[in-house]
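Participant:
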Amino acid sequence: METLVSAVAATLTTVAFVPQAIHIIRFKETRAISLQMYVVFATGVALWLTFGVMIWNWPIMTANAITLVLALTIIRMKLRYG
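Counting in the UniProt record's numbering, the sequence shown runs from 1 upward without gaps.
#1: Which value, in whole angstroms, describes the spacing of the CA atoms of residue 24 and residue 54?
#2: When you compare each of 32, 5, 15, 11 to residue 75 by their alpha carbons, which one comes out closest?
#3: What three-state label does DSSP hand residue 21 in the structure shown?
#4: Starting from the C-beta of residue 21, find all residues in its chain whose C-beta is less than 7 Å away, skip the five residues before and the five after it, and write them out in chain order.
#5: Taking DSSP as the reference, what is the three-state secondary structure of residue 54?
Here is the structure:
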């Protein structure tokens, strides 16, 4: 049951960032995005990913790996387009 709950939670929180990433990639508009927030967020996600690896929980590992890629993409676009 714990794996199911963590899988659903991980999926929902990961999917929540997809529209933002798509919007930024499509329109190259990042003025309203806080760089500091995404840096702190990406750091937290990287730590969650590390924790998932430590306890070998695939939903935590997968969701946080995908979320980290999305967050780093947004950070990269923010640095590129300001």
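From the three backbone atoms N, C-alpha and C, an ideal C-beta is built for every residue, glycine too.
Facilitator: Answer, in terms of the structure:
#1: By 1-based counting over the sequence shown, the position of residue 24 is 24. By 1-based counting over the sequence shown, the position of residue 54 is 54. If I take the Cα positions, the gap works out to 33 Å.
#2: The residue given as residue 75 occupies position 75 in the sequence shown. Of the listed residues, the one whose Cα sits closest to residue 75 is 32.
#3: The sequence position of residue 21 within the sequence shown is 21, counting from 1. Under the three-state reduction of DSSP, residue 21 is assigned to helix.
#4: Walking along the sequence shown from the start, residue 21 turns up at place 21. Here the set comprises 70, 73, 74.
#5: Counted from its first residue, the sequence shown places residue 54 at position 54. Three-state result, residue 54: helix.
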